[in-house]
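Participant: Chains A and B, in that order, are what the protein sequence lines are. Just so you know, we're using the working numbering here: the first sequence kicks off at 46 and counts up by one. Just so you know, we're using the working numbering here: the second sequence kicks off at 39 and counts up by one. Quick reminder that beta carbons are idealized off the backbone N, C-alpha and C, glycines included. Treat the numbers as computed from the prediction; the structure is a model and nothing was measured.
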Amino acid sequence: MQHLGNDTIIDYLHRELAPGEDAAVLMHLEACADCSVRLNLESAIGGRLRAQAKAEELDLPLGMREAIMARIAAEAAAPTPWERLAAWLRPAVVVPVVAAAALAAVLIPMGTQHAAAPTLPVMYYLEEHAAHAQENPLADRSATVMMTSLERTASTETVPMMQAVNAASLVDSGAR
Amino acid sequence: MPRKPVEPSTPEQNAFVERAIEQYGKATYNFAYRLTGNEADARDLTQDAFIRVYRAWRSFQPGTSFLSWIYRIVTNLHRDELRRRKGRFQEEIPEDNAPQEFGGQKPLAVHPIDDYVERQLSEPLSRALRRLSSEQRQVIILADIEEYSYQEIADIMGCSIGTVRSRLHRARALLRRLVLQEQERPQQTR
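1. Kindly list, in the order they appear in chain A, the residues whose Cβ is closer than 8 Å to that of V55 of chain B.
2. Going along chain B, which residues have a C-beta under 8 Å from E262 of chain A?
3. Roughly how far, in whole angstroms, is the beta-carbon of R210 of chain B from the beta-carbon of E87 of chain A, given that I think they are within contact range, below 8 Å?
4. Taking the alpha-carbon positions, what's the V177 of chain B to R169 of chain B distance?
5. Any beta carbon from chain A within less than 8 Å of H116 of chain B's own beta carbon?
6. Run the CB neighbour count on I111 of chain B, radius 10 Å, all protein chains shown included, and call it buried at 16 or more, exposed below.
7. Is T66 of chain B buried or exposed, if buried means 16 or more other CB atoms sit within 10 Å of its CB?
8. Could you tell me the alpha carbon to alpha carbon distance between R83 of chain A and L180 of chain B, rounded to whole angstroms?
9. Exposed or buried, which one is V140 of chain A when buried takes at least 16 other CB atoms within 10 Å?
10. Let me confirm a value: V91 of chain B is counted as buried when at least 16 other C-beta atoms fall within 10 Å, else exposed. Which label applies?
11. For G63 of chain B, go through chain A and note every residue whose CB falls closer than 9 Å to its CB, in chain order.
12. Is L73 of chain B near the ligand SAM, with its Cβ less than 7 Å from a heavy atom?
13. Is W4 of chain A buried or exposed, if buried means 16 or more other CB atoms sit within 10 Å of its CB?
14. If you draw a straight line from the alpha carbon of K144 of chain B to that of E77 of chain B, how long is it in whole angstroms?
15. State yes or no: is the beta carbon of S200 of chain A nearer than 8 Å to at least one beta carbon in chain B?
16. Does any residue of chain A have a CB that is nearer than 8 Å to the CB of L83 of chain B?
17. What is the C-beta distance between D182 of chain B and G91 of chain A, in whole angstroms, given that I count them as a contact (C-beta under 8 Å)?
18. Give the interface partners of L94 of chain A over in chain B, defined as CB-CB distance under 9 Å, in chain order.
19. Hey, out of A:N85, A:I113, A:A176, whose CA is closest to T84 of chain B's CA?
20. Residues of chain B with CB closer than 7 Å to the CB of D52 of chain A, please, in chain order.
21. Check whether the Cβ of R72 of chain B lies closer than 8 Å to any Cβ atom in chain A.
22. Check the Cβ of E66 of chain A against every Cβ in chain B and list those closer than 9 Å, keeping chain order.
23. Counting only beta-carbon separations shorter than 8 Å, does I194 of chain B have a partner in chain A?
24. Roughly how many whole angstroms lie between the Cα atoms of E173 of chain A and A149 of chain A?
25. Among B:D79, B:L120, B:Q61, which has the Cα closest to the Cα of I108 of chain B?
26. Is the segment 54-70 of chain A in contact with the segment 199-216 of chain B, if contact means three or more CB pairs nearer than 8 Å?
27. Classify G196 of chain B as helix, strand or coil using the three-state DSSP reduction.
Have a look at this one:
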């Protein structure tokens with residue numbers, strides 16, 4: 046005779062077996078003393094757990110109900126997130142904030158325009174350099190340096206810039 | 039923690055919570071006590087559970103078991119708390135029923151009820167229960183003490199029936215082993 050597994054006995058004890066299986070286990074238990082002993086042990090464990098829980102049963106601590114209701118009252122009195130948002134959006138706060146934002150929107154672009162470095166055309170430097178070179182033809186070492194640096198950046202500069210450089214070199218050579 | 043209710047509390051809502059505390063406060067507190075093993079945590083857990091009831095009172099469906107609903111709330115709160123404390127629930131807060139030391143001496147007066155509870159807690163099953171995992175202890179409490187069906191336990195714990203079944207089988211196997219060890223001990227000494 047094959048004995049019942051412990052898991053089957055536990056499920057039987059908790060009335061969690063399907064009807065057919067439950068009936069089969071009942072029949073087996075009537076015929077098998079070993080499995081009946083194991084069933085009794087499991088049943089005794091359950092009984093002791095319940096008896097012990099009953100013996101240890103505690104009353105609700107004094108003041109518990111009042112403490113819960115006090116927390117609820119505090120929570121009900123506190124503003125909800127929507128109420129906090131509404132309070133923040135009241136005119137006394139919103140009007141100055143919007144005015145400050147509008148002022149900032151106007152002033153900040155103006156400020157950045159003033160702060161921007163003046164942009165001078167490349168030709169201005171080249172012409173100045175050419176004039177200087179004409180005045181001091183022998184002292185002109187910077188023409189070469191300047192051309193070299195301009196050629197180095199030619200890949201990122203515009204085509205008119207290169208044309209300006211060429212014009213400057215012509216002026217230099219003419220000056221010599 | 040963000041609050042759920044947008045609408046203000048109503049007298050009806052307060053009355054609902056008050057009635058719930060009156061009818062189910064003791065059962066909820068005892069359930070929380072069995073889960074946590076100490077009165078301080080059980081008090082906090084019970085209070086938090088009824089605050090959740092207050093916030094979510096409209097989601098309770100009349101005709102269903104209120105006790106199952108609040109047990110589910112307690113179970114979830116306890117699980118969250120265990121995660122928050124990273125499994126150090128018992129170690130951080132001493133148990134209320136653990137023997138207290140007062141400068142190396144026992145307290146002068148021992149309340150007879152406290153003494154009785156302490157003796158009860160020293161039972162092998164109490165010790166065995168504390169050696170179970172949190173989930174195993176929950177399933178033992180719900181199946182063997184509260185006598186819920188596997189389906190009801192699955193609903194409370196938010197898991198499948200298969201999980202309930204396997205947790206109960208493992209927990210029962212451990213309890214059985216510990217009880218048998220206790221039974222064999224006197225025979226060995228004879």
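Facilitator: Let's see:
1. Those are I113, M114, I117, listed as they occur along chain A.
2. What the structure shows of chain A is the stretch from 46 to 221, and residue 262 of chain A is not part of that stretch, so it cannot be assessed.
3. With a Cβ gap of about 7 Å, R210 of chain B and E87 of chain A count as contacting.
4. Cα to Cα, the separation comes out at about 14 Å.
5. Judged by the 8 Å Cβ criterion, H116 of chain B is not in contact with chain A.
6. Residue burial is scored here from C-beta neighbours: I111 of chain B has at least 16 other C-beta atoms within 10 angstroms and is therefore classed as buried.
7. Buried, by the Cβ-count rule.
8. One C-alpha to the other measures close to 22 Å.
9. Burial check for V140 of chain A: the Cβ neighbour count within 10 Å stays below 16, so the residue is exposed.
10. Counting C-beta atoms within 10 angstroms of its own C-beta, V91 of chain B has 16 or more neighbours from the protein chains shown and is therefore classed as buried.
11. Going along chain A in sequence order, the residues near G63 of chain B (Cβ under 9 Å) are L105, M109, R110, I113.
12. No copy of the ligand SAM occurs in the structure displayed, which carries no ligand at all.
13. A question about residue 4 of chain A goes unanswered here, because the residues of chain A that appear run from 46 up to 221.
14. Only weak support is given to the placement of K144 of chain B: the predicted model assigns it a pLDDT of 34, under 50, and the value that follows is read from those uncertain coordinates. In this structure, the CA atom of K144 of chain B is about 21 Å from the CA atom of E77 of chain B.
15. Reliability of the predicted coordinates at S200 of chain A is poor, the pLDDT of 46 falling under 50, and no value is obtained from them.
16. Look at L83 of chain B: its C-beta is not under 8 Å from any C-beta on chain A.
17. Sure, about 5 Å apart at Cβ, within 8 Å.
18. Neighbours of L94 of chain A on chain B, chain order: L163, L167, I178, I179, D182, I183, L213.
19. Taking only the C-alpha atoms, the option nearest T84 of chain B is A:I113.
20. Contacts between D52 of chain A and chain B, judged by CB atoms closer than 7 Å, involve H207 in chain order.
21. At least one chain A Cβ lies under 8 Å of R72 of chain B.
22. Residues of chain B passing the Cβ test: none, with the nearest at roughly 14 Å.
23. So, not an interface residue.
24. Each residue's alpha carbon lies about 41 Å from the other.
25. Ranking B:D79, B:L120, B:Q61 by Cα distance to I108 of chain B puts B:Q61 first.
26. The answer is yes - the segment 199-216 of chain B touches the segment 54-70 of chain A, with three or more Cβ pairs under 8 Å.
27. When DSSP states are grouped into helix, strand and coil, G196 of chain B belongs to the coil group.
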